[in-house]
Amino acid sequence: MINIKVKEIRPGSLPERHGDWIDLKAGMTVKYNKGDFLMIPLGVAMKLPQEYEGHLLPRSSTFKKYKILLVNSTGIIDNAYCGNGDEWQFPALAMEDGVIKKGDRIAQFRVVPVMKSVKFSIREDLGSKDRGGFGSTGV
Numbered sequence: 001m002i003n004i005k006v007k008e009i010r011p012g013s014l015p016e017r018h019g020d021w022i023d024l025k026a027g028m029t030v031k032y033n034k035g036d037f038l039m040i041p042l043g044v045a046m047k048l049p050q051e052y053e054g055h056l057l058p059r060s061s062t063f064k065k066y067k068i069l070l071v072n073s074t075g076i077i078d079n080a081y082c083g084n085g086d087e088w089q090f091p092a093l094a095m096e097d098g099v100i101k102k103g104d105r106i107a108q109f110r111v112v113p114v115m116k117s118v119k120f121s122i123r124e125d126l127g128s129k130d131r132g133g134f135g136s137t138g139v
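Taking UniProt numbering, the leading residue of the sequence shown gets 1, the next gets one more, and so forth.
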């Protein structure tokens, strides 16, 4: 079992595990207009174990219910982001006017082992032929 230290910055914001992911809630009510960029506080700070990082994504219902998009595709929370005031947030773009109420489950995360050390070996030739460029399988 993985032990995660949690500080509840905004009451009623503690994470809840449902299924394979852990749900996170809006830490406050947020009213927005189409085109607004939002930093939605999730009401908690966490200290992940040294060998783990967090992957933050919207819940599958978030766009359907609130018409917001997570702007950075996937939020990566490294284990160094762990201070008492390091509140997790959900950076979003509003596609329509709307309201998210305090306590609404809008995000989910999971903990993932950090990448092992990497060493780059500089080469003039990689020993493989080109496959057709970025976005091509080469078939």
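Don't be surprised by glycine CBs; every beta carbon is placed ideally from N, CA and C.
Cutoff 7 Å; reference residue i; Cβ partners in own chain excluding five residues on either side
i, result
"Asp-78", "Glu-53"
"Lys-7", "Val-44, Ala-45, Asn-84"
"Arg-59", "Asp-23, Arg-105, Ile-106, Ala-107, Gln-108"
Contact with chain C by residue i, beta-carbon distance below 7 Å
i, result
"Glu-53", "Absent from the structure is chain C; it holds one protein chain and no more."
Span separating the alpha-carbon of residue i from that of residue j
i, j, result
"Thr-74", "Val-99", "22 Å"
"Val-30", "Ile-76", "23 Å"
"Lys-65", "Lys-129", "47 Å"
"Leu-70", "Gly-132", "31 Å"
"Tyr-32", "Met-39", "11 Å"
"Asp-20", "Met-95", "28 Å"
Own chain, CB closer than 6 Å to residue i, minus 5 neighbours either side, in chain order
i, result
"Asp-125", "none"
"Thr-62", "Ile-106"
Option in the options with minimal Cα separation from residue i
i, options, result
"Ile-4", "Lys-47, Lys-34, Met-28", "Lys-47"
"Pro-49", "Val-111, Gly-133, Lys-119", "Val-111"
"Ala-107", "Lys-25, Phe-120, Ile-2, Ala-92", "Lys-25"
"Glu-51", "Ile-22, Met-115, Lys-34, Arg-105", "Met-115"
"Phe-37", "Phe-134, His-55, Gln-89", "Gln-89"
"Lys-102", "Leu-93, Leu-14, Gly-127", "Leu-14"
With 16 other Cβ atoms within 10 Å as the buried cut-off, status of residue i
i, result
"Ala-80", "exposed"
"Gly-12", "exposed"
Cβ-based neighbour list, residue i, same chain, cut-off 8 Å, excluding 5 preceding and 5 following
i, result
"Ile-9", "Gly-27, Pro-41, Gly-43, Val-44, Ala-45, Gly-85, Glu-87"
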